[in-house]
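Accompanying notes for the structure given below.
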Amino acid sequence: MRHNNFTAMAALAAVLMMSGCTTGGVDTTKTTAIQPAAKDIDTSDLAQGKAQFRDANYGLAEQHFRKAVELKADNAEAWMGLAASYDELGRFDFADRAYNQLLKVAGRKPQIVNNMGYSQLLRGDRKKARALLLEARAGMADPTVVNANLALLNKG
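Using UniProt numbering, the first residue of the sequence shown is number 1, and each one after it goes up by one.
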């Protein structure tokens, strides 16, 4: 009896081992639309920040840009987005901090000076806005955006 029991157990073990080695029964159908995580999280936050900013969701844009600069402090594009988001939210104190950090990271580039001029325009400081926008226009190959900001300044 003992021998038959041992043989039955051995046969069962063999069947289990064989069935455990097959992969034909695994369903590999994709069932979710969740995308794989981005390799560089700050790039994902940068992209989300830009998308939210384009959709005029400035609070959400600020959150993503802030996360991006927290993860990578030398990300000039994220600092620019963060400063612009603060401008749109009327948080000019935070915008000034972001612009100062942006200048440290990227230098005094015409695109940055243009945004700083627009910031001053939003604040109602027309004299400072004009000076910054004229400085930006002098350094740009294509001054279309600066000219549009100057036109806004001249309207008011």
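Idealized CB from N, CA, C, for every residue including glycine.
Euclidean distance between Cα positions of residue i and residue j
i: Ala37; j: Lys67; result: Summary for Ala37: the model assigns pLDDT 47, below 50, so the residue's position carries little reliability; its value from the coordinates is reported in the next sentence. If you take the alpha carbons of Ala37 and Lys67, they lie about 16 Å apart.
i: Gly81; j: Arg126; result: 22 Å
i: Lys39; j: Asp45; result: Here the model assigns Lys39 a pLDDT of 48, short of 50, so the residue's position is not dependable and the matter cannot be decided.
i: Phe92; j: Gly107; result: 20 Å
i: Thr31; j: Tyr99; result: Low confidence applies to Thr31: its pLDDT is 49, below 50, so where it sits in the model is not reliable, and the reading given next is rough at best. Each residue's alpha carbon lies about 44 Å from the other.
i: Phe94; j: Tyr86; result: 6 Å
i: Leu103; j: Gln52; result: 24 Å
i: Leu71; j: Val146; result: 31 Å
i: Lys155; j: Gly124; result: 12 Å
i: Ser119; j: Gln111; result: 12 Å
Proximal residues to residue i (C-beta, below 7 Å), its chain only, five neighbours per side dropped
i: Gly117; result: Ala129, Leu132, Leu133, Ala136 and Asn149
i: Val105; result: Asp74, Ala76 and Trp79
i: Asn115; result: Met80, Ala83 and Ala84
i: Val113; result: Leu132, Glu135 and Ala136
i: Leu153; result: Leu121, Arg126, Ala129, Arg130 and Leu133
CB-CB length for residue i against residue j, believed under 8 Å
i: Ala78; j: Phe65; result: 5 Å
Cut-off 6 Å between Cβ atoms - residues of its own chain near residue i, not counting five sequence neighbours on either side
i: Ala138; result: none
i: Glu88; result: Tyr58
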